[in-house]
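Presented below is the structure to which this report refers.
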Amino acid sequence: MTVRINPSILSADFVNMQADLERIANADFVHVDVMDNHFVPNLTFGPQMVRRIQDVSPVPLDIHLMISDADRTAPEYAEIGAASVTFHAEAAENPIALARRLREIGSRAGIALKPGTPIEPYLEHLDEFDQILIMTVEPGFGGQSFMADMMPKLAALSAEAKRRGSNVWLQVDGGIAEATIAQAAEAGADTFVAGSAVYGAQSPALAIDSLRDLAAA
Ligand code: DX5
Ligand code: ZN
């Protein structure tokens, strides 16, 4: 089984970003949380910072947009050259049209679902997306507790993706750590975001290896 580990730089040192990116060179992607203090009650950075991250990162960018008005802003992140751009279902007027636009620009297109957002409306349209992000915390902050009660939603999505022969990636984000990653893998996730579990470790690189082993077990 393919396992992707995407450390979230929300837990990195924002004034030593380049050094903190180099510490995760064995990751698959770097997860970049963009927050606007409107869609979520927290603020990070915008396209100017993301452009510099793209310049210096040893691994491709997996951008998680927690911003309102994704229709207008998400394409700008795809233009930067990010490997993937994921927007929240509620933030787009027409999620399918936006996903098509992101793919046209050349990024993988992802849709993110908050804990209370149902997956059912998107099951018919899995082929329109390259990845589905199932949030396992309320978006906005790192270091929150993993919501194990999201596992049935993930498992239902995974079963439906298999039934349809879809190769959409299933991503989980929030509270992923050594104690929780196996549950998420068991429920069908293949792409794992981890912020505090990677950057809070003595060695982020070893933490990535160990998360990878636990997910693959
Ligand atoms: C939360 C962000 C996450 C966050 C995860 O809204 O989307 O990517 O960095 O942090 P941890 O892994 O600490 O829960
Ligand atoms: Zn995230």
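Residue numbers are given in the UniProt record's numbering: position 199 of the sequence shown equals residue 199, and the series is strictly consecutive. Even glycine gets a Cβ: it sits at the ideal position worked out from N, Cα and C. Every value quoted in this text rests on a predicted model; they were computed, and no experiment measured them.
Own chain partners of residue i with C-beta closer than 6 Å, once the 5 adjacent residues on each side are dropped
i: Val3; result: Arg212, Ala215 and Ala216
i: Ala78; result: Val85, Leu102, Ile105 and Ser107
i: Glu160; result: Leu123
i: Ile63; result: Val32, Tyr77, Ala82 and Val85
Classification of residue i by the beta-carbon crowding that lies within 10 angstroms, buried from 16 upward
i: Gln202; result: exposed
i: Val172; result: buried
i: Ala179; result: exposed
i: Met1; result: exposed
i: Val15; result: exposed
i: Ser145; result: exposed
i: His142; result: The residue asked about is misnamed: residue 142 is Gly in this sequence, not His. Result: buried.
i: Gln131; result: buried
i: Asp190; result: buried
i: Ala27; result: buried
i: Ala148; result: exposed
Whether residue i touches residue j by CB criterion (9 Å)
i: Ala109; j: Ser84; result: yes
i: Val137; j: Gly165; result: no
i: Ser8; j: Ala194; result: yes
i: Ser210; j: Ala187; result: no
i: Phe39; j: Ser68; result: yes
i: Gly116; j: Met35; result: no
Residue i - partner residues in DSSP beta bridges
i: Thr86; result: His64 and Gly110
i: Gln54; result: Answer is none; Gln54 lacks a bridge partner.
i: Val172; result: Ile134 and Phe192
i: Pro118; result: Its beta-bridge partners do not exist; DSSP assigns none.
i: His31; result: Ser8 and Asp62
i: Leu21; result: Answer is none; Leu21 lacks a bridge partner.
i: Leu43; result: Asp36
Own chain, CB closer than 7 Å to residue i, minus 5 neighbours either side, in chain order
i: Asp127; result: Ser166
i: Phe87; result: Leu65, Ala70, Ala74, Leu98, Ile111 and Ala112
i: Ile80; result: Pro47, Val50, Arg51 and Gln54
i: His125; result: Ile96
i: Met150; result: Pro115, Ile134 and Thr136
Cβ neighbours of residue i in the same chain (closer than 8 Å, five flanking residues each side left out)
i: Ala182; result: Leu214, Ala215 and Ala217
i: Val168; result: Leu126, Asp127, Phe129, Asp130, Gln131, Ile132 and Ala161
i: Asn6; result: Ala27, Asp28, Phe29, Val30, His31, Asp62, Gln171, Thr191, Phe192, Val193 and Ala194
i: Leu154; result: Ile134, Leu170, Val172, Ala184, Ala187, Gly188 and Ala189
i: Ser11; result: Gly142, Gly143, Gly195, Ser196, Val198, Tyr199 and Gly200
Heavy atom of the ligand GTP within 8 Å of residue i beta-carbon
i: Val193; result: Summarising the ligand content, the structure contains the ligand DX5 and the ligand ZN and does not contain the ligand GTP.
### Task
Determine contact between the stretch 55–70 and the stretch 14–31, defined as no fewer than three beta-carbon pairs at a distance below 8 Å.
yes
### Query
Is the stretch 174–191 touching the stretch 36–45 in the sense that three or more CB pairs, one from each, lie closer than 8 Å?
no
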